[in-house]
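Undergrad: Residues in the sequence shown are numbered from 1 upward in steps of one, following this note's numbering. Glycine included, every Cβ here is placed at the ideal spot set by N, Cα and C. Below is the structure I would like to discuss, written out as structure tokens.
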Amino acid sequence: GVDTAEYHARADVWPLDPDGELFVVAMVESAEAVENIDAILAAPVSAIMVVPGDMSIDLGLGPAPGPENHPEVDAMYDKVLAACQAQDRVICGCGDGAVRLQQRIDEGWQFILPLGG
1 GVDTAEYHAR
11 ADVWPLDPDG
21 ELFVVAMVES
31 AEAVENIDAI
41 LAAPVSAIMV
51 VPGDMSIDLG
61 LGPAPGPENH
71 PEVDAMYDKV
81 LAACQAQDRV
91 ICGCGDGAVR
101 LQQRIDEGWQ
111 FILPLGG
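If you want it as structure tokens, here you go:
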């Protein structure tokens, strides 16, 4: 265990506090959230996670037609990625299969959920 003083020293959000030990992830699953990404990043969050399926549903597109996201979803991903990079926050997302995993890594995504084959 830790005493109260040590808890207060550690219980802060990383990377906002480099010594903080809390990792807070906000999920962005709608066009409205993407429009408000800067306000979301103004909150004490460590990372933003974007999920393609939920974003597709919110945009009224339904499931992706194959292994690629709808172009509109990829455009939302790009906006969130740029905002996270500008604010030095971790960007999380999904990589469907080896090709998408490598693409996300190449784009600068730092936390990737490997979904699908």
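1. Measuring CA to CA, which of Cys84, Ala75, Asn69, Arg89 is closest to Gly95?
2. Any idea which residues DSSP pairs Ala151 with across the strands?
3. Under the three-state reduction of DSSP, which class applies to Thr4: helix, strand or coil?
4. In or out: Pro71 buried (at least 16 other Cβ within 10 Å) or exposed?
5. Distance, Cα to Cα, Ala5 vs Ala11?
6. May I have the straight-line CA-CA distance separating Val13 from Asp19, to the nearest angstrom?
TA: Let me lay it out:
1. Translated into positions along the sequence shown, residue 95 becomes position 95. The shortest Cα separation from Gly95 among Cys84, Ala75, Asn69, Arg89 belongs to Asn69.
2. The structure shown does not extend to residue 151, since the chain is modelled only from 1 to 117, so the question has no answer here.
3. Residue 4 sits at position 4 when you count from the first residue of the sequence shown. For Thr4, the secondary structure class from DSSP, reduced to helix, strand or coil, is helix.
4. Reading the sequence shown from its first residue, position 71 is the one you call residue 71. For Pro71, the number of other beta carbons within 10 angstroms of its own is below 16, and it is reported as exposed.
5. On the sequence shown, residue 5 is found 5 positions in, with the first residue counted as 1. On the sequence shown, residue 11 is found 11 positions in, with the first residue counted as 1. A direct Cα-Cα distance of roughly 10 Å separates Ala5 from Ala11.
6. Position 13 of the sequence shown, counted from the first residue, corresponds to residue 13. Position 19 of the sequence shown, counted from the first residue, corresponds to residue 19. Val13 and Asp19: Cα-Cα distance of roughly 8 Å.
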